[in-house]
Amino acid sequence: MDDEKKILGSIEISEKIIEETKKDIKNIADFKKKIEEYLLQNVTELLDVILGGAVLLDVSDIHIEPEENDAKLRIRLDGILQDIVFFDRETYHHLTSRLKLLSKLKLNISDRPQDGRYTIKIGDVFIEVRTSSLPAEYGESIVMKVLNPKNLIDLKDLGIREDLYKTFQKEITKPNGMIIVTGPTGSGKTTTLYAFLKQIQNSGIKIITIEDPIEYHLKGISQTQVSPEKGYTFADGLRSVVRQDPNVILVGEIRDLETAKIALQAALTGHLVLSTLHTNDAAGTIPRLEDLGADASSIASGLKMVVAQRLIRKVCKKCSTLIKPTEKESEEIKRGLKNLPASVRGPSSDKIKIAKIKSGGCKTCNFTGYKGRKGLFEAFLVDSEIEKFILTSPPVSLIREMAIKKGMKTIYQSGLIDITEGITTFEEVARVVEEDSVN
140 MDDEKKILGS
150 IEISEKIIEE
160 TKKDIKNIAD
170 FKKKIEEYLL
180 QNVTELLDVI
190 LGGAVLLDVS
200 DIHIEPEEND
210 AKLRIRLDGI
220 LQDIVFFDRE
230 TYHHLTSRLK
240 LLSKLKLNIS
250 DRPQDGRYTI
260 KIGDVFIEVR
270 TSSLPAEYGE
280 SIVMKVLNPK
290 NLIDLKDLGI
300 REDLYKTFQK
310 EITKPNGMII
320 VTGPTGSGKT
330 TTLYAFLKQI
340 QNSGIKIITI
350 EDPIEYHLKG
360 ISQTQVSPEK
370 GYTFADGLRS
380 VVRQDPNVIL
390 VGEIRDLETA
400 KIALQAALTG
410 HLVLSTLHTN
420 DAAGTIPRLE
430 DLGADASSIA
440 SGLKMVVAQR
450 LIRKVCKKCS
460 TLIKPTEKES
470 EEIKRGLKNL
480 PASVRGPSSD
490 KIKIAKIKSG
500 GCKTCNFTGY
510 KGRKGLFEAF
520 LVDSEIEKFI
530 LTSPPVSLIR
540 EMAIKKGMKT
550 IYQSGLIDIT
560 EGITTFEEVA
570 RVVEEDSVN
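Convert by adding 139 to the 1-based position in the sequence shown; the result is the number in our numbering.
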């Protein structure tokens with residue numbers, strides 16, 4: 140690929156760098172060493188090495204952050220940011236200029252935020268990268284979100300408990316109603332929604348998505364991207380989509396009353412509507428929709444299932460062992476899981492073994508003790524009793540109590556179950572979710 144093609148929204152990593160990264164980069168230490176090598180010898184191919192290594196290590200985000208005298212490269216791996224290298228200002232300007240050209244950002248604008256995207260080609264694989272630039276004290280901070288299509292996984296690969304998997308399977312095949320997935324940014328909501336779409340997709344139904352932006356391209360599905368600066372919002376897109384005879388509609392996010400009202404109306408008129416919302420837990424979804432101005436009767440009738448989720452790191456199998464929990468840890472497990480049936484709760488406390496990470500980790504896990512991530516979920520269905528309950532506009536605490544009474548296993552309890560199965564640790568669960576106040 141010549142230089143002109145490289146700067147028009149796509150970059151092809153050369154065979155030489157692909158082979159080098161595959162051979163030389165096995166962990167973050169190797170990645171750092173390879174970048175430092177190119178900083179000394181060949182700055183023109185530095186971006187190719189950064190991108191190639193990031194894809195190889197399954198990095199989700201790449202950060203380039205200017206400081207007073209130099210700039211810092213950081214990556215987010217398994218949800219945790221890690222420093223990689225510092226480089227001089229000249230190299231920083233070279234990288235940011237090339238990235239702005241690639242991402243179709245204006246080179247002459249550095250005093251306000253810009254968003255763009257480009258594609259990396261590695262062999263036969265195309266990987267989308269979303270670029271965000273932000274004015275900072277010492278220059279523009281650049282963050283690149285790497286959207287690797289290999290992260291589009293099937294429902295069965297989300298790491299869901301069997302009871303929840305069966306519930307999801309049943310609910311996403313219903314002909315109408317709204318399913319909302321909630322959680323903070325970076326908690327895997329989009330991955331879950333796409334897994335739902337992959338599960339139900341077939342030639343007999345029409346699926347349309349409205350996204351901001353389109354993160355992954357799905358075959359056989361119509362996808363449209365909102366453009367608020369051109370007056371094309373989620374609400375505008377949704378109004379048009381319902382006239383396209385869809386069976387299933389995915390709305391990237393419910394942000395305002397208009398979108399909420401149209402989405403609920405679509406759910407009440409024969410469509411399955413999937414969407415996301417930003418709340419702390421599943422129970423918070425209903426008050427949040429009411430805060431936006433949605434009518435309680437529409438929420439009660441239209442909403443069918445609410446899912447909340449987080450992502451936790453899994454322990455590295457190569458440098459962890461299973462040990463008996465301490466008395467304090469056993470007590471926390473017992474207290475947290477006491478209201479769950481034995482079939483879900485797992486082994487009795489005297490038979491539980493939990494993961495213990497070797498101090499300092501190993502090369503396989505980049506010396507963190509963790510390798511890969513999985514979801515923690517909580518979900519409840521809106522049955523006739525909860526439907527009537529919603530009409531009274533109850534607070535979050537009472538909705539949560541009702542959902543638990545109906546059998547909802549909380550995110551925290553899901554974390555405890557993973558601890559008892561040796562998948563993760565107390566420290567990791569505490570990092571992403573608070574201990575339940577109601578059990």
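By construction, the Cβ of each residue, glycine as well, lies at the ideal position given by its N, Cα and C atoms.
Distance between residue j and residue i (C-alpha atoms, nearest Å)
i    : j    : result
R512 : A168 : 20 Å
L407 : I438 : 10 Å
Y371 : K495 : 51 Å
K655 : K358 : A question about residue 655 goes unanswered here, because the residues of the chain that appear run from 140 up to 578.
I425 : L396 : 13 Å
E573 : N419 : 10 Å
T330 : K171 : 29 Å
N341 : A518 : 26 Å
G218 : E471 : 25 Å
K456 : K510 : 8 Å
E368 : L476 : 49 Å
K548 : T230 : 50 Å
G343 : I299 : 27 Å
S280 : E207 : 13 Å
R215 : I223 : 10 Å
S576 : P323 : 20 Å
Coil, strand or helix - residue i by DSSP
i    : result
D557 : helix
S576 : coil
K328 : helix
K545 : coil
A421 : coil
E392 : coil
S459 : strand
R237 : helix
P274 : strand
L294 : helix
I164 : coil
T306 : helix
E159 : helix
E100 : Because the chain spans 140 through 578 in this model, residue 100 falls outside it and cannot be assessed.
Y371 : strand
A86  : There is simply no residue 86 to check, as the chain begins at 140 and stops at 578 in what is shown.
G432 : coil
Distance cut-off 8 Å: residue i Cβ against heavy atoms of the ligand HEM
i    : result
I318 : Ligands in the displayed structure: none, and consequently the ligand HEM is not present.
Counterpart residues of residue i in DSSP-defined beta bridges
i    : result
V454 : Y509
H202 : R213, V282
E470 : Note: E470 sits in no beta bridge, so no partner.
K260 : E151, F265
A334 : In DSSP, A334 forms no bridge with anything.
F519 : V445
Q340 : Q340 is not bridged to any residue.
F226 : A210
T415 : V320
T363 : I349
G192 : In the DSSP output, where bridge partners are listed per residue, G192 has none listed.
V387 : I346, L411
L220 : R215
Q180 : Bridge partners of Q180: none, in fact.
Nonlocal neighbours in the same chain, by C-beta distance under 8 Å from residue i, ignoring five residues either side
i    : result
I347 : I360, S361, Q362, T363, V380, Q383, P385, V387, I388, L389
I393 : I319, F373, A399, A402, S414, T415, L416, L428, L431
F565 : E468, E471, I493, I558
Same chain only: Cβ atoms within 7 Å of residue i, ignoring 5 sequence neighbours per side
i    : result
Y355 : L286, P288, L291, Y333
K243 : G148, G255
F528 : M541
A422 : V535, I538, R539, A542
S532 : E429, A435
E267 : R256, T258, L286
Counted within 10 angstroms of its Cβ, other Cβ atoms place residue i as buried (16 or more) or exposed
i    : result
D522 : exposed
I318 : buried
D142 : For D142, the predicted structure reports a pLDDT of 41, less than 50, and the residue's modelled location is therefore unreliable. The matter cannot be settled from this model.
P252 : exposed
D200 : buried
N505 : buried
G554 : buried
S326 : buried
Q552 : buried
E567 : buried
I462 : exposed
Neighbourhood of residue i by C-beta, 6 Å cutoff - its chain only, sequence neighbours within 5 removed
i    : result
K239 : L246
L195 : T160, I164
I152 : D187, G191, I261
L442 : M317, V521
H202 : R213, V282
L273 : P252, S280
R452 : D217, Y509, R512, E567
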